[in-house]
Amino acid sequence: MLAQQLVNGVMLGAVYALIAIGYTLIFGVLGMLHLAHGEVFMIGAFVGLVVATHLSGNVMLALAAAMLATGLLGLLIERVAFRPLRGAHHLAPLATTIGAGIALQETARWYFGPEQQGFPATITLTLWEVGPLRVSSVQVFILAAALALMAAVHLFLARTRAGRAVRATAEDPAVAGLLGVNVEAVILITFFVASTLAGAAGVLVGLAYNSVHPFIGVQMGIKGLVVMLLGGLGNVPGAMLGGVVLGVLEVLGVAYLASSYRDAFAFGAVMVILLWRPEGLLGLRVQRRD
Amino acid sequence: MLGPYFEDVLVQLGINVILALSLYFPLSAGQLSLGQGGFMAIGAYASSWLTAAQGWPWPAAFALGTAAAAGVGALVGLPALRVRGIYLVLMTMAFGEIVRVFFLNFEPTGAAQGFRGMPFVTTLPLVAALALVVAVLAARTASSRVGRAFAAIKRDELAAEVIGIDVTRAKLVSFSVGAAVAGLAGALWAHYVQFIEPEEFGFHRSVMPFTFVVVGGLETYWGALVGAAALTLLPEWLRFLKEWRLALYGVAMLVVMVVRPQGLVDHRLVEAVRRLVPRPLKEGAR
């Protein structure tokens, strides 16, 4: 029973981590919170749904289309909600991104309607029994996809020139600029990568719960912020760990305590962590630019 | 006198002005809260439980609801003083969500089914009077010793401490007063619609006063007033666009921030208006 809950928790946590990595990348590079990130996730889920329903039953194609669409959406949000605010008060982007988020929610509500939409079953459901564990093919796909994306992000940041530029900019944008890093390009790359991850997470959540609606981004967005905080702001491995911690915590809380308090665990954990270890669980270098 | 529609809009305007000012107080000392919905819920639920289940007269219930929000505000504010900037934003967000989940599970006030049975108390004159009281409180605070201490902390906390301001106390006061005012807004709202449920005090509600203050302007209390008025009335005027109403609201917020980052009203505008009006209307001789 415990092992089963852990498996479910890790699955959920891997999706949280994908969203949180996006938050933390953007925070690391710009020092600003992107409060429309949950809506990027929501749009990703809807793009996946449309592609899977009307174009092709291939889940990989749906995933790729959602990632491309949200990547472009991320660039658009950067252009309208962040670029005009360079050097502004650090609270200003909270307002512009909340505004952009409302606009995205309303657009989705107008186009798809406010009610839940069933996500088409694109993966043949098979259940495997591994000892006491029951794992479905959907769960395996979700976990594999999330892990593959996290590995890709890690390799991108650690091994590529562009990834190194992102890390340098996160360290210090002014110095990175002096050393020849094109900071504006780095910001665009960061938004693209962060948003594709949120889009992929949207499709994965659609697969996991079989339903999508225009307001799923709100709760997911807040959960992603929680995870980013658990890991430490601007800390990518921390976000990965934080996702799994929150996923397991929630699943265990639901199983052994009270299911209706599920969301309170996450937020209670945030308050405790902020007071006890504001630098996050891993306690690595933290970006403080406020 | 007024049509019921206009009266409804004006009551909402009054409550939104109070809500906007609830964020102005902590913000004037440099603390942003995205958890005002939580304090509003406490004021709404506490006062409603007292009038509906305990049969208290509404003034006592309102007072206690406001005090309960202030008390919780102080409890949250005390540890929250250790965190600032974006960390405080995240902390207050978490607090708001915890309050929502608490009332979602709290049986004595109906849990997820919501709570009803409170009398209709919130008339337009009452809202107008209380909004005026809170606005005058904000205005008097801004030009007082305490208000100047808040402003100093907002500019530079370390420097404020060096010149002898009790930063901890000032931040705690600003945070608790903001919580109390949000609680008052909650009590008024509950006794207007006569039905409350936890979901209406979620993140969306906490974001409302923030958008009011940001669009109106962060620099003076006039910003909170103008922002609340503009964003309450704007959707009413744009009602002919029906489905796109809220989307336009979001876009308008974005545009204001990009075109005028300090918000619609800043110090310069307030001064310019003061110079146009020979005798200051709002501020009496001190």
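Order-wise, the sequence lines are chains A and B. When we follow our numbering, the leftmost residue of the first sequence carries the number 1, and every step to the right adds one. When we follow our numbering, the leftmost residue of the second sequence carries the number 1001, and every step to the right adds one. Each residue gets a CB set at the ideal place from its N, CA and C atoms; glycine is no exception. Predicted model only: the values in this text are computed from it and were never measured.
- Of the residues B:L1075, B:T1051, B:V1076 and B:L1078, the one whose Cα lies closest to the Cα of G1065 (chain B) is B:T1051.
- Neighbours of G253 (chain A) in chain B, taken as residues whose beta carbon is under 7 Å from its own, are absent, since the nearest beta carbon is some 12 Å off.
- Of all residues in the segment 1089 to 1100 of chain B, those with a C-beta nearer than 9 Å to a C-beta of chain A are V1089, L1090, M1091, M1093, A1094, F1095, G1096, E1097, I1098 and R1100, reading in chain order.
- Against chain B, the CB of T96 (chain A) has a partner CB under 9 Å away; the residue lies at that interface.
- Residues L1088, K1171, S1174 and F1175 of the same chain have their beta carbon placed closer than 7 Å to that of Q1031 (chain B), with the five preceding and five following residues left out of the count.
- Taking a C-beta distance under 9 Å as the contact criterion, A146 (chain A) and L207 (chain A) do not qualify as a contact pair.
- For P114 (chain A), there are no C-beta contacts with chain B under 8 Å, since the nearest C-beta of that chain is about 11 Å from it.
- Closer than 7 Å at the C-beta level to chain A, one finds these residues of the segment 1248 to 1261 of chain B: Y1249, G1250, V1251, M1253, L1254, M1257, V1258 and P1261.
- According to DSSP, Q1194 (chain B) shares a beta bridge with no other residue.
- In the structure shown, the three-state DSSP call for G118 (chain A) is strand.
- Sequence-distant Cβ neighbours of L94 (chain A) in its own chain, meaning closer than 7 Å and more than five residues away, are L33 and L35.
- Rounded to whole angstroms, the Cβ separation of L1034 (chain B) and S1206 (chain B) is 5 Å, and the two are in contact under 8 Å.
- Distance from the CA of L1238 (chain B) to the CA of L1246 (chain B), rounded to the nearest whole angstrom, comes to 9 Å.
- In summary, L1019 (chain B) is buried, with 16 or more beta-carbon neighbours lying within 10 Å of its beta-carbon over all protein chains present.
- Around the CB of T70 (chain A), 16 or more other CB atoms lie within 10 Å, so the residue is classed as buried.
- Secondary structure at V130 (chain A): strand, using DSSP grouped into helix, strand and coil.
- Only those residues of the segment 1050 to 1084 of chain B whose C-beta falls short of 8 Å from the nearest C-beta of chain A are listed: P1079, R1082, V1083 and R1084.
- The beta carbon of V80 (chain A) lies closer than 8 Å to those of T96 and A100 in the same chain, with the five residues before and after it left out.
- About 6 Å separates the beta carbons of E39 (chain A) and Q105 (chain A), which is inside the 8 Å limit, making them a contact pair.
- Taken atom to atom, the span from the alpha-carbon of A1074 (chain B) to that of V1099 (chain B) is near 15 Å.
- By the C-beta criterion, the segment 54 to 68 of chain A is judged not to be in contact with the segment 108 to 118 of chain A, since fewer than 3 inter-stretch pairs fall below 8 Å.
- Residue environment: N8 (chain A) is assigned as buried (16 or more neighbouring CB atoms within 10 Å of its CB, all protein chains considered).
- In its chain, beyond the 5 residues on either side, A108, F112 and V212 have a beta carbon closer than 7 Å to the beta carbon of F46 (chain A).
- Nearest to A1111 (chain B) by C-alpha distance, out of B:F1102, B:V1256, B:A1149 and B:P1119, is B:F1102.
- Under DSSP, R1116 (chain B) shares a beta bridge with B:F1195.
- By alpha-carbon distance to L157 (chain A), the top candidate from A:G22, A:F141, A:A3 and A:L246 is A:G22.
- If you draw a straight line from the Cα of M271 (chain A) to the Cα of L1276 (chain B), it is about 48 Å long.
- Interface criterion met: the Cβ of N1105 (chain B) is under 9 Å from a Cβ in chain A.
- Contact of H90 (chain A) with chain B by beta-carbon distance below 8 Å involves G1085 and I1086.
- The beta carbon of P84 (chain A) sits closer than 9 Å to some beta carbon of chain B.
- With the rule of 3 Cβ pairs closer than 8 Å, the segment 1091 to 1098 of chain B counts as touching the segment 1037 to 1056 of chain B.
- Residue-level contact check: F1210 (chain B) touches chain A, since one or more beta carbons of chain A fall below 9 Å from its beta carbon.
- By alpha-carbon distance to G199 (chain A), the top candidate from A:H37, A:L25, A:G28 and A:A3 is A:H37.
- Close to chain A, meaning a Cβ-Cβ distance shorter than 7 Å, are the following residues of the segment 1196 to 1208 of chain B: F1203 and V1207.
- At least 9 Å separates the beta-carbon of T190 (chain A) from that of I77 (chain A).
- Excluding five sequence positions before and after L75 (chain A), the CB atoms of its chain that fall closer than 7 Å to its own CB belong to L188, F191 and F192, given in chain order.
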